[in-house]
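Colleague: Got a structure here, written out as structure tokens. Questions coming.
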Amino acid sequence: AQSVTQLGSHVSVSEGALVLLRCNYSSSVPPYLFWYVQYPNQGLQLLLKYTSAATLVKGINGFEAEFKKSETSFHLTKPSAHMSDAAEYFCAVSDRSSARQLTFGSGTQLTVLP
Amino acid sequence: EPEVTQTPSHQVTQMGQEVILRCVPISNHLYFYWYRQILGQKVEFLVSFYNNEISEKSEIFDDQFSVERPDGSNFTLKIRSTKLEDSAMYFCASREDSSNQPQHFGDGTRLSIL
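Next comes the structure, spelled out in structure tokens:
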């Protein structure tokens, strides 16, 4: 069984400050890892994915995440927050079976303060 | 960019009634999924579908639920006799038949059971 833990259901940062959203996973097999973003009244948009190539993954909108197997972590970062980054962020894990359903974390609501 | 589309965006139904949620996956995708998100909770996997049959389903996906791909483009989720606790946002997703491709999500259908 797989699970995802996102530390901090709410994170607030000032505009221009570093964004760090934490994600730890549990998986008995090498996982695929994903970050999705959800803007109000919208679906889930893929930010980035880790599928066993480079451990530092760059995504859209200036976000990146680093896969650290020893820490079972996949934290999301952005050097400088923008007001438009305010949204809910979900970390997700899947195994490598053919179906590959996603197991999601509980989400982190990011607020960007002016 | 191709999108997953879901209709309707909001469905209000009386308890005990049948409801059908509709999705049009991205055209060259072969794996299809339904997830739900109860208000304030995490996104949960319901079912995956491949080659015209269910490949995986969660314990949530009981006999009240069914999925169908009635033609070459639509993918539907039917709830036979809705309960109050079925009120949630339902997301459809699809994925290419390649080893490391992510799932793409629609904007969701908000189902409200009265």
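Chains as they are written, first to last, in our numbering: chain A, 33 to 146; chain B, 1029 to 1142. Each residue gets a CB set at the ideal place from its N, CA and C atoms; glycine is no exception.
Tell me, please, whether the CB atom of E1084 (chain B) is closer than 8 Å to any CB atom in chain A?
Modeller: Locating residue 1084 (chain B) in the second sequence gives position 56, counting from the first residue. By this cut-off, E1084 (chain B) is an interface position.
Colleague: Could you name the residues of chain A that D1135 (chain B) contacts, counting a contact when the two beta carbons are closer than 7 Å?
Modeller: Within the second sequence, numbered from 1, the residue matching residue 1135 (chain B) stands at position 107. In chain order: Q74 and G75.
Colleague: As an exercise, report each continuous beta strand (DSSP E) stretch of at least 3 residues that is fully enclosed by the stretch 61-137 of chain A, in chain order.
Modeller: Here the runs fully enclosed are 64-70, 76-82, 88-90, 96-100, 105-110 and 119-126.
Colleague: Spatial neighbours of S41 (chain A) within its chain, please: CB distance less than 8 Å, with the 5 preceding and 5 following residues excluded, ordered by chain position.
Modeller: The count along the first sequence starts at 1 and reaches residue 41 (chain A) at position 9. Cβ within range, chain order: S138, G139, T140 and Q141.
Colleague: What do you reckon, are the CB atoms on I1141 (chain B) and E1046 (chain B) nearer than 8 Å?
Modeller: For the purposes of this step, residue 1141 (chain B) is identified with residue 113 of the second sequence, where counting begins at 1. For the purposes of this step, residue 1046 (chain B) is identified with residue 18 of the second sequence, where counting begins at 1. No, Cβ-Cβ distance for I1141 (chain B) and E1046 (chain B) is not below 8 Å.
Colleague: Where does E1113 (chain B) fall in DSSP's three states?
Modeller: Your numbering for residue 1113 (chain B) matches position 85 in the second sequence. Helix.
Colleague: Please return the same chain residues whose Cβ sits closer than 6 Å to the Cβ of E120 (chain A), not counting the five positions on each side in sequence.
Modeller: Counting from one through the first sequence, the residue named residue 120 (chain A) turns up at place 88. Cβ neighbours of E120 (chain A) beyond the five flanking positions: Q70, G139 and Q141.
Colleague: How big is the Cα-Cα spacing for F1089 (chain B) and V1075 (chain B)?
Modeller: For the purposes of this step, residue 1089 (chain B) is identified with residue 61 of the second sequence, where counting begins at 1. For the purposes of this step, residue 1075 (chain B) is identified with residue 47 of the second sequence, where counting begins at 1. The alpha-carbon atoms of F1089 (chain B) and V1075 (chain B) are separated by roughly 7 Å.
Colleague: Identify every residue that forms a DSSP beta bridge with N56 (chain A).
Modeller: Numbered from its first residue, the first sequence carries residue 56 (chain A) at position 24. In the DSSP output, where bridge partners are listed per residue, N56 (chain A) has A:T37 and A:S105.
Colleague: Cβ closer than 8 Å: which chain B residues qualify as neighbours of A171 (chain A)?
Modeller: Given that chain A is displayed from residue 33 to residue 146, the structure contains no residue 171 (chain A) and the question cannot be resolved.
Colleague: Kindly list the residues whose CB is nearer than 8 Å to the CB of M115 (chain A), restricted to its own chain and excluding five residues on each side of it in sequence; keep chain order.
Modeller: Indexing the first sequence from 1 puts residue 115 (chain A) at position 83. So the list reads E47, V144 and P146, once near-sequence residues are dropped.
Colleague: Name, in chain order, the residues that DSSP records as bridge partners for L145 (chain A).
Modeller: Along the first sequence, one-based indexing puts residue 145 (chain A) at 113. DSSP lists A:S46 as partners of L145 (chain A).
Colleague: Compute the Euclidean distance between the alpha carbons of T104 (chain A) and G1044 (chain B), then round it to the nearest angstrom.
Modeller: Counting from 1 along the first sequence, the entry for residue 104 (chain A) is found at position 72. Counting from 1 along the second sequence, the entry for residue 1044 (chain B) is found at position 16. Cα to Cα, T104 (chain A) sits roughly 44 Å from G1044 (chain B).
Colleague: Does V1047 (chain B) get closer than 8 Å to chain A when you measure Cβ to Cβ?
Modeller: As a first step, residue 1047 (chain B) is located in the second sequence; it is residue number 19 there, counting from the start. No, no contact with chain A.
Colleague: Which residue wins for smallest C-alpha separation from Q1069 (chain B), given the options B:H1132, B:F1133 and B:A1116?
Modeller: Within the second sequence, residue 1069 (chain B) is the residue found at index 41, counting from 1. When only C-alpha atoms are compared, the closest one is B:A1116.
Colleague: Considering only residues of the same chain and omitting the five flanking positions on each side of Y1078 (chain B), which have a CB-CB separation below 6 Å?
Modeller: Residue 1078 (chain B) sits at position 50 when you count from the first residue of the second sequence. Result list for Y1078 (chain B): Y1059, in chain order.
Colleague: How would you list, in chain order, the residues of chain A whose beta-carbon sits under 7 Å from the beta-carbon of K1106 (chain B)?
Modeller: If you number the second sequence from 1, residue 1106 (chain B) lands on position 78. The premise fails here: K1106 (chain B) is roughly 19 Å from chain A at the closest Cβ pair, so nothing lies under 7 Å.
Colleague: Any heavy atom of the ligand PLP inside 7 Å of the beta-carbon of K1085 (chain B)?
Modeller: Although the ligand PLP was asked about, the structure shown includes no ligands whatsoever.
Colleague: Once DSSP output is grouped into helix, strand and coil, what is the label at Q1092 (chain B)?
Modeller: As a first step, residue 1092 (chain B) is located in the second sequence; it is residue number 64 there, counting from the start. Looking at Q1092 (chain B) - three-state DSSP - the assignment turns out to be coil, as it is neither helix nor strand.
Colleague: Starting from N1049 (chain B), follow its DSSP beta bridges and name the residues at the other end.
Modeller: Taking the first residue of the second sequence as position 1, residue 1049 (chain B) is located at position 21. The sequence as given places Leu at residue 1049 (chain B); Asn does not occur at that position. Partner(s): B:L1105.
Colleague: Could you compute how far the alpha carbon of A33 (chain A) sits from the alpha carbon of S58 (chain A)?
Modeller: In the first sequence, residue 33 (chain A) corresponds to position 1, counting from 1. In the first sequence, residue 58 (chain A) corresponds to position 26, counting from 1. Distance between the alpha carbons of A33 (chain A) and S58 (chain A): 8 Å.
Colleague: Checking 8 Å against the spacing of the C-beta atoms, do F1119 (chain B) and V1052 (chain B) come in under that value?
Modeller: As a working note, residue 1119 (chain B) is residue 91 in the second sequence. As a working note, residue 1052 (chain B) is residue 24 in the second sequence. No, the pair does not count as a contact, with Cβ atoms beyond the cut-off.
Colleague: So what's K1070 (chain B) in DSSP terms, helix, strand or just coil?
Modeller: Numbered from its first residue, the second sequence carries residue 1070 (chain B) at position 42. Looking at K1070 (chain B) - three-state DSSP - the assignment turns out to be coil, as it is neither helix nor strand.
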